[in-house]
Amino acid sequence: MNKDKNLLELIFQVSDFFKTQYFTNKKEILFLTLTLSLLFIPQTYANTTPIKTASLLCEESVPILSTIESPLKNYRTNKLKTTNTAELLPIIKLGFEYKNTDDLLLHSQIAVSFQESNSFDYEKGYDSESFETNDTHIYWKFSDDHRKYVITGVQEISDDLEVPLEITMGYSGEVNLMLDQIQNVSRDIYIKDKLTGNTYNLENGKINITLDKGVCTERFVLAFKESEALSVDRNTLMKETIIYADNKNQNVIISKNPEVTIYKVALYNILGKKTNFWEIKELKNSYQLAINNQIPTGIYIVRLNTDKGIINKKVLF
């Protein structure tokens with residue numbers, strides 16, 4: 125124990141040296157400390173709270189041991205025990221493939237763990253911010269939180285759970301999403317595209333998506349329930365609803381069945397950013413909705429919120 129304790133103290137001394145000689149950013153220093161810990165600390169210590177977060181991106185889960193004292197903090201864990209599958213923290217590691225400026229296909233990874241006591245709020249020891257500097261990257265992104273996470277811990281898995289992620293594209297083109305690793309998760313795992321309504325089962329292999337340059341925000345989520353198929357009524361509704369762009373007058377034209385009531389209409393660009401919004405207060409069979417904000421030429425999504433459900437339609441302006 126004394127030998128291992130001395131090793132821990134040495135690691136923190138090395139971190140302090142780098143802090144004075146090379147680094148000024150506290151997050152860089154913490155990352156260095158965790159990295160050194162993962163490289164040199166015996167596996168029996170690897171699941172202490174600060175080290176456990178970093179090890180989410182490592183290949184193996186390891187058992188845990190008693191109390192370690194260090195110059196930074198006391199890390200208290202349980203006594204050494206044999207870990208069975210049911211006790212392992214559910215973890216999903218999501219892979220992301222993209223092309224860099226040299227047209228080379230690169231691979232990165234983000235991870236999410238699931239536990240009843242966690243939430244979308246920041247949880248120390250479970251959430252780690254992304255330090256990615258590439259023009260194209262992926263990260264977990266929650267509303268009302270400016271931080272971008274490469275590792276996050278959220279509530280337990282359920283049918284209704286949807287973990288939001290964001291993709292920043294440095295180019296217009298294709299990217300791939302895939303499952304890199306699963307631990308103690310026995311559910312089907314999906315990527316949902318909130319803009320197009322498409323749902324992709326990651327268990328079937330990597331998925332290929334074409335995106336435009338920019339930030340795809342509030343568009344993709346990791347989910348555990350497939351989007352419900354359109355009913356016969358919904359299919360009929362979509363066939364009877366005509367939506368198109370009047371480019372000359374900069375209007376969105378909508379023609380619908382008299383039995384359908386439209387509450388709201390929104391216009392989104394292909395990245396998922398809302399560009400125009402209309403609240404419908406008058407019941408009519410057709411509408412001419414003027415574009416209030418100047419928009420560039422391109423493909424847009426018109427989303428109708430009706431008493432029969434949501435309708436999405438692509439239009440070209």
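In this text, residue positions in the sequence shown follow the numbering used here: the first is 125, and each later residue adds one. No residue lacks a Cβ here, since even glycine has one placed at the ideal position from N, Cα and C. Quick caveat: nothing in here was measured; it's all calculated off a predicted structure.
For residue j and residue i, believed in contact at Cβ under 8 Å, the rounded distance
i	j	result
threonine 320	isoleucine 435	Wrong, their Cβ atoms sit about 13 Å apart, outside the cutoff.
leucine 289	lysine 265	6 Å
leucine 212	glutamine 305	Going by Cβ atoms, the distance from leucine 212 to glutamine 305 rounds to 12 Å, so no, they are not a contact pair.
isoleucine 313	leucine 346	7 Å
aspartate 251	tyrosine 273	6 Å
valine 287	asparagine 242	Not really, about 11 Å apart at Cβ, beyond 8 Å.
glutamate 342	threonine 323	Not a contact, Cβ separation roughly 16 Å.
phenylalanine 348	leucine 285	6 Å
glycine 422	asparagine 375	The Cβ separation is near 17 Å, so there is no contact.
Extent of the continuous beta strand (DSSP E) to which residue i belongs
i	result
threonine 276	273 to 278
glycine 297	297 to 307
glutamine 374	Glutamine 374 -> no beta strand (DSSP E), and no H or E assigned at all.
aspartate 317	314 to 317
proline 288	286 to 293
threonine 399	398 to 403
leucine 440	433 to 440
Among the options, the one whose alpha carbon lies nearest that of residue i
i	options	result
isoleucine 215	Glu256, Leu303 and Met293	Leu303
aspartate 431	Thr421, Ile404 and Ser252	Ile404
lysine 438	Gly396, Gly338 and Tyr295	Gly396
cysteine 340	Gly433, Val299 and His231	Val299
isoleucine 419	Gln412, Val384, Ser237 and Thr399	Thr399
phenylalanine 255	Tyr246, Glu350 and Ile234	Ile234
aspartate 226	Phe238, Gly294, Leu218 and Asp268	Gly294
lysine 363	Lys380, Phe244 and Ile394	Lys380
glycine 448	Ser267, Ile367, Ile291 and Leu326	In the structure displayed, the chain extends from 125 to 441; residue 448 sits before or after that span and is not available.
serine 232	Tyr222, Gln239 and Phe238	Tyr222
aspartate 268	Ile275, Tyr246, Asp283 and Thr257	Tyr246
serine 237	Asn375, Tyr411, Lys217 and Asn373	Lys217
proline 382	Glu406, Trp402 and Phe401	Glu406
valine 309	Ile378, Gly297 and Gln239	Gln239
lysine 248	Asn224, Tyr263, Ile275 and Thr257	Ile275
glycine 219	Leu413, Leu301 and Tyr263	Leu301
serine 296	Glu253, Asn224 and Thr257	Asn224
Backbone CA spacing between residue i and residue j [nearest angstrom]
i	j	result
isoleucine 281	lysine 408	43 Å
asparagine 371	asparagine 416	13 Å
arginine 271	valine 426	30 Å
histidine 261	leucine 230	10 Å
leucine 440	threonine 334	17 Å
asparagine 325	lysine 316	9 Å
glycine 433	valine 384	10 Å
tyrosine 368	isoleucine 378	7 Å
serine 410	phenylalanine 244	41 Å
arginine 311	lysine 318	21 Å
Residue i Cβ short of 7 Å to the ligand SAM heavy atom set
i	result
lysine 372	For the ligand SAM, the structure offers nothing, since it holds no ligand at all.
Given 8 Å, three or more beta-carbon pairs between the region 377 to 397 and the region 323 to 330
no
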